[in-house]
Amino acid sequence: MTRVVSAERFKPFFLSYKHIHLRWLKAQVGHPGNKCADQLAKDAITKGDPFFFPKPSSYQKSEISSAALSIRQDKWDQGETGHSTHQIVPKV
């Protein structure tokens, strides 16, 4: 996979975040962040510390809601009362 194809593949992911900006920079032309980026990349490879992006609260809320709905559906499916209603309304 070429670098351009690789960059195009990940471009939609990075553009979905408002605080990330993509720009083309020629390598090794004295950009202030270039040395810092190189050092961070080297540290990531040698130290191996994983970096996790925090999940947005909307994602966490969705996960909690989905889990709660799943628990409620299981209780509804396995309940000892309401069998006639369950036949009409099988989903919570």
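Residue numbers (this note's numbering): 301 to 392. Using N, Cα and C, we set each Cβ at its ideal position, and we do this for glycine too. Source: prediction; values computed, not measured.
Residue nearest to Tyr317 in terms of C-alpha spacing, selected from His331, Pro354, Ser365 and Pro332: For the purposes of this step, residue 317 is taken as the residue at position 17 of the sequence shown. Comparing Cα positions, the closest option is Pro354.
Cβ distance (whole Å) where Lys391 is taken to contact Gln373 below 8 Å: Residue mapping note: residue 391 aligns to position 91 of the sequence shown, counting from 1. Residue mapping note: residue 373 aligns to position 73 of the sequence shown, counting from 1. The pair is a contact, with the Cβ atoms about 7 Å apart (cut-off 8 Å).
Nearest candidate by alpha-carbon position, reference Trp324, set Phe352, Glu308 and Thr381: Translated into positions along the sequence shown, residue 324 becomes position 24. Of the listed residues, the one whose Cα sits closest to Trp324 is Glu308.
Where the alpha helix (DSSP H) containing Arg323 begins and where it ends: Against the sequence shown, residue 323 aligns to sequence position 23. In the DSSP assignment, Arg323 falls outside any alpha helix (DSSP H), carrying neither H nor E.
DSSP three-state assignment for Tyr359, whether helix, strand or coil: Your numbering for residue 359 matches position 59 in the sequence shown. Correct three-state label for Tyr359: helix.
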